[in-house]
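See below:
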């Protein structure tokens, strides 16, 4: 995926996170992403940092949806958490 595509995905997931927060999802689902202090508008950041942000957002979104409905299987959020952990090690 090209960096500009990754930035667009980052922005889309950020909009979804804001929607979930406005509709009662706890901020704790997104603590990893919020701690990063990284926005899709920070184009000077590396592709790896934005990839990690996308995974952190996707993980939080999947947990929020899995715990509050049957739309997302628990295994999806578990797989995303494993990817997030792998990328965390690569980022360091």
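Residue numbers (the working numbering): 1 to 92.
Ideal placement from N, C-alpha and C gives every residue a C-beta, glycine not left out.
Worksheet entry | Distance, residue 9 Cα to residue 86 Cα | 20 Å
Worksheet item: By DSSP, does residue 70 sit in helix, in strand, or in coil?
Response: coil
Worksheet item: Around the Cβ of residue 44, are there at least 16 other Cβ atoms within 10 angstroms (buried) or fewer (exposed)?
Response: exposed
Worksheet item: What are the boundary residues of the alpha helix (DSSP H) that includes residue 35?
Response: 31-36
Practice prompt. Tell me where the alpha helix (DSSP H) around residue 22 begins and ends.
Written response: Where residue 22 is concerned, the enclosing alpha helix (DSSP H) stretches over 3-22.
Discussion item. Helix, strand or coil, according to DSSP, for residue 39 in the structure here?
Written reply: coil
Practice prompt. Can you say whether residue 53 is buried or exposed, counting buried as having 16 or more other CB atoms within 10 angstroms of its CB?
Written response: buried
Fill in: For residue 49 and residue 69, the rounded distance between their alpha carbons
30 Å
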